[in-house]
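Visitor: So that you can map any letter, position 34 of the sequence shown is 33 in numbering that gives the first Met the number 0, and since no number is skipped, the others follow by simple counting.
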Amino acid sequence: MPCSDFDQFIPLESFADASNGYLIDDTCVFGAEVFASEGRIIGKGECISMINNPVMYKHVWKVDNFSKLDATFYDSEPFIAGGHNG
0 MPCSDFDQFI
10 PLESFADASN
20 GYLIDDTCVF
30 GAEVFASEGR
40 IIGKGECISM
50 INNPVMYKHV
60 WKVDNFSKLD
70 ATFYDSEPFI
80 AGGHNG
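#1: Based on the DSSP secondary-structure assignment, which residues constitute the bridge partners of Thr26?
#2: Give the straight-line distance between the Cα atoms of Met0 and Phe8, rounded to the nearest whole angstrom.
#3: Kindly indicate which residue of Leu22, Trp60 and Val28 has the alpha-carbon position closest to the one of Lys67.
#4: Is Asp16 near Asn64, with beta carbons less than 9 Å apart?
#5: Look at the alpha carbon of Val62 and the alpha carbon of Phe78, and state the distance between them as a whole number of angstroms.
#6: Measure the C-alpha to C-alpha separation of Leu113 and Asp74 and round it to an integer number of angstroms.
#7: Taking the straight line between their C-alpha atoms, what separation do you get for Ser18 and Asp69?
#8: Which class does Phe65 belong to by DSSP, given the choice of helix, strand or coil?
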């Protein structure tokens, strides 16, 4: 079973509800901390842990017409951060 340290998620319904202020004019801005590390395979899963003093990198991925997206997931273009492919 995968293990990870995800601090805060909100339900999609709350995110899409304009009265909550996350989407303004079909646009949102948010930050995410993504840490590249070598995974430790435990049985059939993978474990990702937070690291101290991470390499800082900023990647901007603009998603137009967010409220009209209908696929299960989307991928950004590949990028390199801290010497690792993202």
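Beta carbons: idealized from backbone N, C-alpha and C, even for Gly.
Guide: On the basis of the supplied data:
#1: On the sequence shown, residue 26 is found 27 positions in, with the first residue counted as 1. Answer is Ile23.
#2: Counting from 1 along the sequence shown, the entry for residue 0 is found at position 1. Counting from 1 along the sequence shown, the entry for residue 8 is found at position 9. Confidence at Met0 is low in this model, with a pLDDT of 41, below 50, so the placement of that residue should be treated as unreliable; the coordinate-derived value is given next. Whole-angstrom Cα-Cα distance: 20 Å.
#3: Here residue 67 refers to the residue found at position 68 when the sequence shown is read from its first residue. With distances taken between Cα atoms, Lys67 lies closest to Leu22.
#4: Along the sequence shown, one-based indexing puts residue 16 at 17. Along the sequence shown, one-based indexing puts residue 64 at 65. Not in contact: Asp16 and Asn64 (Cβ atoms no closer than 9 Å).
#5: Translated into the one-based positions of the sequence shown, residue 62 becomes position 63. Translated into the one-based positions of the sequence shown, residue 78 becomes position 79. Between Val62 and Phe78, the C-alpha separation is close to 16 Å.
#6: Absent from the model: residue 113. The displayed extent of the chain is 0 to 85, so no value can be given.
#7: In the sequence shown, counting from the first residue as 1, residue 18 sits at position 19. In the sequence shown, counting from the first residue as 1, residue 69 sits at position 70. Distance between the alpha carbons of Ser18 and Asp69 is about 22 Å.
#8: Counting from 1 along the sequence shown, the entry for residue 65 is found at position 66. Note: Phe65 maps to helix in three-state DSSP.
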